[in-house]
Amino acid sequence: MATTITDFASAVTTLGQHLQLRRQALGLSQQALAAGICAQSLVDRIEQGQDVPNAVLLAQLCERLNLPLVCALKENYPIRRLPTFSRRVHHLYNRQRFADLVAYMDNPERLRVLKTDEDLKTYYYYYGCATYQATHDAVAALRSVHTALTMMMPQRPLRYRTLEVLLIAMENDIGVALTPRANFAGFERAVRIIREDRLVDVSENLCVIFYQYARACLHLGYPERALPILLEGIDWAVAHQSHYLLADDYYLLAQIYAGLQQPTVSPAARQTAVALAETFKQVVYQGE
């Protein structure tokens, strides 16, 4: 069961647990993890929650532990009718070659071959992601997302596939770029599905939804709303033994706490803001 994160000390403890579990899963000793990066004793203190790495050290540790430092999918979704095409899509997406991916997917002949709703949902998911990342054209990206969502039958099923929940959240995430008005309905729907365990498949990719939701809240000026969402996402990851988006979550956590530095915020929250802002002096993930 996850330990609810409520303050800086518990956040640091959870970070250390994440790193320790990942190191052990890879069969690495503390000495091997630390080699050429820092002292073994520092790794031990971090894992015990007695110290917290700065952004540079965290990035180095995550790289050695093969943990993501960018908001890409942990698991890919296949386009089953076109397996060779599907593998190329995943290759370009995972390497963030989004302009190349748009050009590669922008082929009507390939699209006409796809007959199943699942393949079409997957096609338009990747196409929408790539379009937004390559061009920042939110309107064009949303067209693809909306097309993918029309393939979801029924529109409000009792149980959802992870890809469908990602699409619901993505629609809201991209929509934030189009209007300064706070609208979190899509995020709330996606998180509610996760909370109620109404999923056909449970994937580490669901971590993205909490991250996107919290980031959108912060972007629109609601750090007090962003904080519990992000902490819930970290708790969800811990409960599912996931290390996905670890560095990104902790950098965003620092930003959120910094945003909470105002007179109405409790002294404990302000102290946390100062501590995390000091810790994460450099950006780990620069997302749009």
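Taking this note's numbering, I'd label the letters of the sequence shown as residues 20 to 307. Where is the CB? At the ideal position from N, CA and C, for every residue including glycine.
Quiz item: Does the distance from the C-beta atom of L111 to that of Y96 stay below 9 Å?
Solution: Position 92 of the sequence shown, counted from the first residue, corresponds to residue 111. Position 77 of the sequence shown, counted from the first residue, corresponds to residue 96. No, the pair does not count as a contact, with Cβ atoms beyond the cut-off.
Quiz item: Can you list the alpha helix (DSSP H) stretches of 4 or more residues lying completely in the stretch 197–223, in chain order?
Solution: The stretch 197–223 contains these whole alpha helix (DSSP H) runs: 204–214.
Quiz item: Could you check where the alpha helix (DSSP H) with A153 kicks off and where it finishes?
Solution: Sequence index remark: in the sequence shown, residue 153 carries index 134 (1-based). D136 to T154 is the extent of the alpha helix (DSSP H) around A153.
Practice problem: For the alpha helix (DSSP H) containing S60, list its first residue and its last residue. | Solution: Start at 1 with the first residue of the sequence shown, and residue 60 comes out as number 41. The continuous alpha helix (DSSP H) containing S60 extends over residues Q59 to E66.
Quiz prompt | Three CB pairs or more closer than 8 Å across the stretch 166–173 and the stretch 132–147 | solution = The stretch 132–147 and the stretch 166–173 touch, with three or more beta-carbon pairs separated by less than 8 Å.
Quiz item: In whole angstroms, what separates the C-alpha of G55 from that of Q79?
Solution: The residue given as residue 55 occupies position 36 in the sequence shown. The residue given as residue 79 occupies position 60 in the sequence shown. Linking G55 to Q79 through their CA atoms gives a straight-line distance of about 10 Å.
Exercise. May I have a chain-ordered list of the alpha helix (DSSP H) segments no shorter than 4 residues that lie completely inside the stretch 149–195?
Key: Taking only runs of at least 4 residues, the alpha helix (DSSP H) segments lying wholly in the stretch 149–195 are 157–169 and 181–194.
Practice problem: Using the Cα positions of K93 and A256, report the straight-line distance between them to the nearest angstrom. | Solution: The residue you call residue 93 lines up with position 74 of the sequence shown. The residue you call residue 256 lines up with position 237 of the sequence shown. Approximately 12 Å between the Cα atoms of the pair.
Practice problem: Return the CA-CA distance between I253 and A188, expressed in angstroms with no decimal places. | Solution: Position 234 of the sequence shown holds residue 253. Position 169 of the sequence shown holds residue 188. Going by the C-alpha atoms only, they are around 17 Å apart.
Quiz item: Grouping DSSP H, G and I as helix and E and B as strand, with all else coil, what is G240?
Solution: For this step, residue 240 is matched to residue 221 along the sequence shown. Here G240 sits in coil by DSSP.
Quiz item: Helix, strand or coil: how does DSSP classify V71 here?
Solution: Taking the first residue of the sequence shown as position 1, residue 71 is located at position 52. Coil at V71, not helix or strand.
Quiz item: Exposed or buried, which one is E215 when buried takes at least 16 other CB atoms within 10 Å?
Solution: By one-based count along the sequence shown, residue 215 stands at place 196. When all chains shown are included, E215 counts as exposed.
Quiz item: Can you name the start and end residues of the alpha helix (DSSP H) that I275 belongs to?
Solution: Position 256 of the sequence shown holds residue 275. L265 to G278 is the span of the alpha helix (DSSP H), which, as asked, contains I275.
Quiz prompt | L182 versus R217: straight-line alpha-carbon distance, rounded | solution = What you label residue 182 is simply residue 163 of the sequence shown in a count that begins at 1. What you label residue 217 is simply residue 198 of the sequence shown in a count that begins at 1. Near 13 Å, if we compare the C-alpha coordinates of R217 and L182.
Practice problem: Can you say whether Q67 is buried or exposed, counting buried as having 16 or more other CB atoms within 10 angstroms of its CB? | Solution: As a first step, residue 67 is located in the sequence shown; it is residue number 48 there, counting from the start. Result: exposed.
Quiz prompt | the ligand NAD heavy atom lying under 8 Å from the CB of Y179 | solution = The model depicted lacks the ligand NAD and carries no ligand whatsoever.
Quiz item: Between which two residues does the alpha helix (DSSP H) containing Y123 stretch?
Solution: As a first step, residue 123 must be located in the sequence shown, where it is residue number 104. Y123 -> alpha helix (DSSP H) spans F117 to M124.
Self-check item: Inter-stretch contact at 8 Å, needing at least 3 Cβ pairs: the stretch 39–57 / the stretch 219–236
Solution: Because the criterion of three Cβ pairs below 8 Å is not met, the stretch 39–57 and the stretch 219–236 do not touch.
Practice problem: Assign R316 to one of two classes, buried (16 or more other C-beta atoms within 10 Å of its C-beta) or exposed (fewer than that). | Solution: The question about residue 316 has no answer, for the chain in this structure spans 20 to 307.
Quiz item: Using the beta-carbon count (16 or more within 10 Å), is A235 buried or exposed?
Solution: Your numbering for residue 235 matches position 216 in the sequence shown. In this structure A235 is buried. Its beta-carbon is surrounded by 16 or more other beta-carbon atoms within 10 angstroms.
Quiz item: What separation, rounded to the nearest whole angstrom, lies between the Cα atoms of C226 and I213?
Solution: The residue given as residue 226 occupies position 207 in the sequence shown. The residue given as residue 213 occupies position 194 in the sequence shown. Distance between the alpha carbons of C226 and I213 is about 10 Å.
Practice problem: Measure the C-alpha to C-alpha separation of V195 and D156 and round it to an integer number of angstroms. | Solution: Counting from 1 along the sequence shown, the entry for residue 195 is found at position 176. Counting from 1 along the sequence shown, the entry for residue 156 is found at position 137. Going by the C-alpha atoms only, they are around 12 Å apart.
Quiz item: Out of P127, E243, A201 and Y263, which has the shortest C-alpha to C-alpha gap to S222?
Solution: In the sequence shown, the residue the question calls residue 222 occupies position 203. For the residues P127, E243, A201 and Y263, the minimum Cα distance to S222 belongs to Y263.
Quiz item: Is the beta carbon of L279 less than 9 Å from the beta carbon of L246?
Solution: One-based indexing of the sequence shown puts residue 279 at position 260. One-based indexing of the sequence shown puts residue 246 at position 227. With a cutoff of 9 Å on beta-carbon distance, L279 and L246 are scored as near each other.
Quiz item: So, is A258 buried or exposed, given that buried needs 16 or more other C-beta atoms within 10 angstroms?
Solution: Position 239 of the sequence shown, counted from the start, is the residue given in the question as residue 258. Around the beta carbon of A258, fewer than 16 other beta carbons lie within 10 angstroms, which makes this residue exposed.
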